[in-house]
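Visitor: Protein chains in written order, with the working numbering: chain A, 1 to 296; chain B, 297 to 623; chain C, 624 to 948.
I have a structure I would like to understand better, so I am pasting it below and will then ask my questions one at a time.
Take a look at the structure:
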């Protein structure tokens with residue numbers, strides 16, 4: 001058994017403490033469910049809503065449960081172009097999660113590296129990097145995203161870039177404050193005494209001890225990124241119309257809501273909600289059990 | 297005979313934690329009369345602070361009073377409703393806490409924190425309350441009291457803050473003051489000043505004082521009677537001179553012996569071997585037994601009851617130290 | 624104190640300048656603005672003429688300098704779409720956005736602090752736990768979706784409130800306000816609550832954690848020992864201590880609120896700056912975009928500045944420290 005799997009290792013204790021909250025476990029299961037749906041969307045969905053050949057305009061605006069022209073039931077109804085809402089949701093989740101995860105991943109790498117470097121080297125490097133971080137963080141993400149999208153234009157890659165730029169500062173700041181605390185601790189001095197190279201100290205010794213708070217930040221930020229992407233797509237400045245996006249689906253259905261055709265916006269909205277709330281539940285609970293100040 | 301100002305009778309305050317029951321105070325009995333100073337002595341973890349809090353009903357969950365009586369001027373307040381306790385607190389029974397830095401609210405002015413203690417119990421004008429606050433500050437020896445009233449806690453030194461705390465305690469002329477290690481966090485010179493202030497005030501007003509501390513030297517000069525606490529139980533009680541000159545319980549003896557000033561120069565410091573026991577899920581038997589040089593087999597098996605001697609002395613021990621001075 | 628203020632002013636100015644550079648470079652330097660204005664069939668001569676008319680043929684740094692000079696004078700160019708000075712167009716819309724933002728902030732504070740304090744003091748009760756779960760939902764849910772749900776529930780299904788627009792306004796000091804008329808209020812409620820939701824959840828959580836941290840402090844126990852009533856302990860001792868962190872965070876968030884109004888205004892067709900910027904991005908009306916970003920940056924810097932001053936006023940420890948230095 002590896003060390004991480006030993007009964008009383010920090011990881012196992014964390015897992016056990018986590019399991020104590022039923023709500024948080026529900027969140028985790030919900031999240032797992034979403035991930036499965038997103039990954040296997042092409043296989044699971046009854047229709048590929050972005051393959052024009054599969055759409056039939058005669059099937060447009062069908063209520064949930066109505067049958068299509070060729071006998072297939074539309075469980076959640078269709079939109080104005082005849083697209084199956086259920087399929088749209090699955091593909092939309094795939095895109096949203098993909099964009100969210102990808103941007104978080106790169107933002108994490110960039111942010112963590114900069115944060116670690118900043119904490120370890122201190123002095124002018126630290127002051128400069130942190131000045132940039134503070135500057136960026138003093139503006140709300142939506143504004144930063146707005147500016148970026150205005151400059152960059154539309155496209156999946158542009159949205160990912162925008163999300164990365166919005167997020168990296170949070171990671172940088174968190175890991176820097178944790179790293180600062182850790183740098184003062186003795187094991188770093190010990191490593192330095194052994195004349196290990198700076199890079200090695202930073203990555204092999206400092207980094208693993210900064211992981212717990214980062215986990216919390218990552219979950220919160222991923223949820224926020226997904227929410228931001230959906231918001232931008234809803235506003236029309238996010239993903240282009242050709243890409244499946246929950247935000248876009250919701251915005252499509254907006255005009256139909258007032259005439260009672262709620263399903264076009266409602267169901268994609270619920271799916272989005274489900275994803276975000278699950279992630280936030282997990283992150284929130286992790287934050288509670290990892291918070292040293294609330295430990296009794 | 298007039299009733300005691302405070303009579304604590306077989307008090308039990310237990311903490312019901314996830315890991316088990318901690319008997320912080322177990323079967324404690326003592327009393328204080330009008331104008332008397334009682335010293336409650338013990339190491340940290342002996343339960344002395346919890347005793348103080350129990351009297352005022354300030355024990356926080358998971359702890360609570362599980363048994364016994366606390367008679368204040370004859371009336372049992374151990375299970376009194378919160379409304380009644382609120383009436384007593386700060387007015388008839390006051391408390392002085394240990395850490396002066398944390399007991400004053402940092403964002404409120406001193407005058408606010410003093411006058412509210414008055415206004416909570418009496419209907420007086422704001423100006424009258426302010427006047428009384430100023431007088432109280434002068435009584436405890438704070439210079440330029442009128443100006444200092446407008447200040448914030450962090451503008452005072454530790455000794456000054458403790459004087460403010462004392463001033464707060466005497467504002468409503470309480471019958472009983474419980475002082476929980478009020479000088480532990482202060483310099484030695486300030487300590488004696490504070491002790492003098494409190495002593496004078498109590499003598500003038502006939503206030504009863506329970507002084508909780510781990511410092512025997514303070515008690516020697518201040519108290520009339522002394523209670524020695526160990527692991528939640530009162531192991532010895534009596535007049536301060538009698539107990540200190542002629543301790544019966546081995547723990548008391550060890551405590552007295554380990555005070556540096558009592559030893560001749562050059563002699564090794566006496567130490568009580570071992571460590572304070574955990575109070576978690578304790579069973580039968582004397583909790584001092586494994587640290588005691590005079591422990592008998594009975595001591596480990598049975599919990600010693602209270603043995604009373606003449607002149608109001610008592611102790612809990614199967615094998616007490618021999619009496620030195622007759623009787 | 625003066626030193627403190629001057630220092631903050633200097634920092635603010637620096638931030639503003641940086642923002643202006645970023646905004647300028649980003650908006651004017653990327654892509655060619657001429658392209659959207661000229662029809663695709665225009666020949667080179669017409670393109671050249673338009674380019675010169677818009678001053679786009681000059682080198683970049685010169686363009687920036689002209690831009691800066693004009694900006695200080697208050698001239699941020701004319702909107703391509705509205706054919707009016709960009710600043711004027713924005714200022715016309717500003718009161719609507721500000722009204723929305725301030726109302727939302729009002730809701731967040733007035734509802735959030737009591738709810739959060741209750742949740743902190745009664746964290747083991749059903750209501751306490753519900754408030755906390757509600758707050759998680761509150762900041763998880765994307766604002767635009769909540770807005771849609773509000774419209775669906777209150778306007779379509781229940782028919783209690785209108786589904787969009789601003790309603791009647793009353794003019795005060797040359798500006799239009801809608802909260803002064805009953806009809807205006809009806810139109811204001813939903814968008815303001817929608818915008819407030821995120822901040823409300825934040826406030827509840829802040830208030831709650833503040834309460835939980837303060838409750839175990841010795842000065843609360845001391846207050847009890849003085850015989851103070853529960854009302855006083857909570858209402859004075861506790862409240863003042865948690866007010867400080869809550870207000871500072873909220874103050875900083877006011878700017879975010881104004882920025883985020885973009886979403887709410889779009890959903891509820893509220894005629895404010897936010898809706899304007901979205902539309903402008905769509906058609907690449909650059910003067911408006913630049914003007915909006917600069918105004919928002921200015922507001923941010925101003926708000927941060929005021930909050931810093933306010934913080935030192937509220938927390939005597941900070942104030943007196945600066946005095947000595």
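Beta carbons: idealized from backbone N, C-alpha and C, even for Gly.
Would you report the Cα separation of residue 39 of chain A and residue 33 of chain A, rounded to the nearest angstrom?
Guide: Start at 1 with the first residue of the first chain, and residue 39 of chain A comes out as number 39. Start at 1 with the first residue of the first chain, and residue 33 of chain A comes out as number 33. Roughly 10 Å between the two C-alpha positions.
Visitor: List the endpoints of the continuous beta strand (DSSP E) containing residue 311 of chain B.
Guide: Looking up residue 311 of chain B in the second chain gives position 15. Residue 311 of chain B -> beta strand (DSSP E) spans 302–313.
Visitor: Can you give the beta carbon distance from residue 880 of chain C to residue 818 of chain C, rounded, assuming they're within the 8 Å contact cut?
Guide: Locating residue 880 of chain C in the third chain gives position 257, counting from the first residue. Locating residue 818 of chain C in the third chain gives position 195, counting from the first residue. Yes, they are in contact, since the Cβ atoms of residue 880 of chain C and residue 818 of chain C sit about 6 Å apart, within 8 Å.
Visitor: Are the C-beta atoms of residue 840 of chain C and some chain B residue less than 8 Å apart?
Guide: Here residue 840 of chain C is taken as the residue at index 217 of the third chain, counted from 1. At least one chain B Cβ lies under 8 Å of residue 840 of chain C.
Visitor: What separation, rounded to the nearest whole angstrom, lies between the Cα atoms of residue 906 of chain C and residue 93 of chain A?
Guide: If you number the third chain from 1, residue 906 of chain C lands on position 283. If you number the first chain from 1, residue 93 of chain A lands on position 93. Between residue 906 of chain C and residue 93 of chain A, the C-alpha separation is close to 29 Å.
Visitor: At a CB distance below 9 Å, what residues from the segment 832–865 of chain C approach chain B? Give them in sequence order.
Guide: The segment 832–865 of chain C vs chain B, Cβ under 9 Å: 839, 840, 841, 842, 843, 844, 845, 846, 847, 848, 849, 850, 851, 852, 853, 855, 859, 860, 863 and 864.
Visitor: Between the segment 348–368 of chain B and chain C, which residues of the former have a C-beta closer than 7 Å to a C-beta of the latter?
Guide: Of all residues in the segment 348–368 of chain B, 352 and 354 have a Cβ within less than 7 Å of some Cβ in chain C.
Visitor: Check each residue of the segment 741–769 of chain C: if its Cβ is closer than 8 Å to any Cβ of chain A, include it; give the result in chain order.
Guide: So the list reads 756, 759, 760, 762, 763, 764, 765, 766, 767 and 768, given in the order they occur along the chain.
Visitor: Tell me, to the nearest whole angstrom, how far the beta carbon of residue 743 of chain C is from that of residue 855 of chain C; I am working on the premise that it is less than 8 Å.
Guide: In the third chain, the residue the question calls residue 743 of chain C occupies position 120. In the third chain, the residue the question calls residue 855 of chain C occupies position 232. Not confirmed; about 17 Å, so no contact.
Visitor: According to DSSP, is residue 263 of chain A helix, strand or coil?
Guide: For the purposes of this step, residue 263 of chain A is taken as residue 263 along the first chain, with counting starting at 1. Helix, per DSSP.
Visitor: Kindly list, in the order they appear in chain C, the residues whose Cβ is closer than 9 Å to that of residue 329 of chain B.
Guide: If you number the second chain from 1, residue 329 of chain B lands on position 33. Chain C residues near residue 329 of chain B: none, gap ~23 Å exceeds 9 Å.
Visitor: Quick check: is any heavy atom of the ligand SAH less than 7 Å from the C-beta of residue 179 of chain A?
Guide: The model on display carries no ligand, and the ligand SAH is accordingly not part of it.
Visitor: Contact between the segment 690–702 of chain C and the segment 880–891 of chain C is defined here as three or more beta-carbon pairs at a separation below 8 Å; is this criterion met?
Guide: Touching, no.
Visitor: Residues of chain C with CB closer than 8 Å to the CB of residue 97 of chain A, please, in chain order.
Guide: Here the question's residue 97 of chain A lines up with position 97 in the first chain. Within 8 Å Cβ-Cβ: nothing; residue 97 of chain A doesn't reach chain C, min ~15 Å.
Visitor: To which residues does DSSP link residue 372 of chain B through a beta bridge?
Guide: For the purposes of this step, residue 372 of chain B is taken as residue 76 along the second chain, with counting starting at 1. Beta-bridge pairing links residue 372 of chain B to B/367.
Visitor: Per DSSP, what kind of secondary structure is residue 337 of chain B in: helix, strand or coil?
Guide: For this step, residue 337 of chain B is matched to residue 41 along the second chain. Three-state DSSP puts residue 337 of chain B in a strand.
Visitor: With which residues is residue 474 of chain B paired in a DSSP beta bridge?
Guide: Taking the first residue of the second chain as 1, we reach residue 474 of chain B at position 178. Per DSSP, B/391 and B/506.
Visitor: Using a Cβ-Cβ cut-off of less than 9 Å, list which residues of the segment 575–589 of chain B approach chain C; keep chain order.
Guide: The segment 575–589 of chain B vs chain C, Cβ under 9 Å: nothing.
Visitor: Alpha carbons only, please: which of B/415, B/459 and B/416 is nearest the one belonging to residue 436 of chain B?
Guide: On the second chain, residue 436 of chain B is found 140 positions in, with the first residue counted as 1. When each option's Cα is compared against that of residue 436 of chain B, the closest is B/459.
Visitor: Can the beta-carbon of residue 63 of chain A be found closer than 8 Å to that of residue 77 of chain A?
Guide: In the first chain, residue 63 of chain A corresponds to position 63, counting from 1. In the first chain, residue 77 of chain A corresponds to position 77, counting from 1. The answer is yes: Cβ separation under 8 Å.
Visitor: With burial defined as no fewer than 16 other Cβ atoms inside 10 Å of the residue's Cβ, what is the status of residue 502 of chain B: buried or exposed?
Guide: Walking along the second chain from the start, residue 502 of chain B turns up at place 206. Counting Cβ neighbours within 10 Å, residue 502 of chain B comes out exposed, since fewer than 16 surround it.
Visitor: Please state if the CB of residue 709 of chain C and the CB of residue 643 of chain C are separated by a distance shorter than 8 Å.
Guide: Mapped onto the third chain, residue 643 of chain C falls at position 20. Mapped onto the third chain, residue 709 of chain C falls at position 86. No, the Cβ-Cβ distance between residue 643 of chain C and residue 709 of chain C is not below 8 Å.
Visitor: Please state if the CB of residue 432 of chain B and the CB of residue 466 of chain B are separated by a distance shorter than 8 Å.
Guide: One-based indexing of the second chain puts residue 466 of chain B at position 170. One-based indexing of the second chain puts residue 432 of chain B at position 136. Taking 8 Å as the Cβ cut-off, residue 466 of chain B and residue 432 of chain B qualify as a contacting pair.
Visitor: Pick helix, strand or coil for residue 33 of chain A, following the three-state DSSP scheme.
Guide: By 1-based counting over the first chain, the position of residue 33 of chain A is 33. Helix, per DSSP.
Visitor: For chain A, is any of its Cβ atoms less than 8 Å away from the one on residue 786 of chain C?
Guide: Working through the third chain from its first residue, we reach residue 786 of chain C at position 163. Yes - at least one Cβ of chain A is within 8 Å of the one on residue 786 of chain C.
Visitor: With a threshold of 8 Å between beta-carbons, can residue 437 of chain B be considered close to chain C, or not?
Guide: Counting from one through the second chain, the residue named residue 437 of chain B turns up at place 141. Answer no: the Cβ-Cβ gap between residue 437 of chain B and chain C never drops below 8 Å.
Visitor: Inspect the CB distances between the segment 447–461 of chain B and the segment 372–380 of chain B and report whether three or more fall short of 8 Å.
Guide: Taking 8 Å as the limit for Cβ pairs, the verdict is that the segment 372–380 of chain B does not touch the segment 447–461 of chain B.
Visitor: Nearest to residue 822 of chain C by alpha carbon, out of C/862, C/736, C/788 and C/807?
Guide: Taking the first residue of the third chain as position 1, residue 822 of chain C is located at position 199. Ranking the options by Cα distance to residue 822 of chain C, first place goes to C/736.
Visitor: So that I know if they touch, is there some Cβ in chain C lying closer than 8 Å to that of residue 608 of chain B?
Guide: In the second chain, residue 608 of chain B corresponds to position 312, counting from 1. Cβ-Cβ to chain C under 8 Å: no for residue 608 of chain B.
Visitor: So which of A/109, A/21 and A/247 has the shortest CA-CA distance to residue 169 of chain A?
Guide: By 1-based counting over the first chain, the position of residue 169 of chain A is 169. Closest option to residue 169 of chain A, Cα to Cα, is A/109.
Visitor: Looking at C-alpha atoms only, which residue of B/428, B/449, B/453 and B/450 is the closest neighbour of residue 442 of chain B?
Guide: Numbered from its first residue, the second chain carries residue 442 of chain B at position 146. Out of B/428, B/449, B/453 and B/450, B/428 has the C-alpha closest to the C-alpha of residue 442 of chain B.
Visitor: Flag residue 395 of chain B as yes if its beta-carbon sits less than 8 Å from any beta-carbon of chain C, otherwise no.
Guide: The residue given as residue 395 of chain B occupies position 99 in the second chain. Closer than 8 Å: yes.
Visitor: Check whether the segment 395–407 of chain B and the segment 485–501 of chain B are in contact - that is, three or more C-beta pairs closer than 8 Å.
Guide: Flag = no, the segment 395–407 of chain B and the segment 485–501 of chain B do not touch.
Visitor: Report buried or exposed for residue 793 of chain C, applying the criterion of at least 16 other Cβ atoms within 10 angstroms of its Cβ.
Guide: Reading the third chain from its first residue, position 170 is the one you call residue 793 of chain C. Burial call: exposed.
Visitor: For residue 934 of chain C and residue 871 of chain C, which I take to be in contact (beta-carbon distance under 8 Å), what is that distance rounded to the nearest angstrom?
Guide: Working through the third chain from its first residue, we reach residue 934 of chain C at position 311. Working through the third chain from its first residue, we reach residue 871 of chain C at position 248. Correct: roughly 5 Å between the Cβ atoms.
Visitor: The segment 471–497 of chain B: which residues have C-beta closer than 7 Å to a C-beta of chain C, in chain order?
Guide: Within the segment 471–497 of chain B, no residue qualifies.
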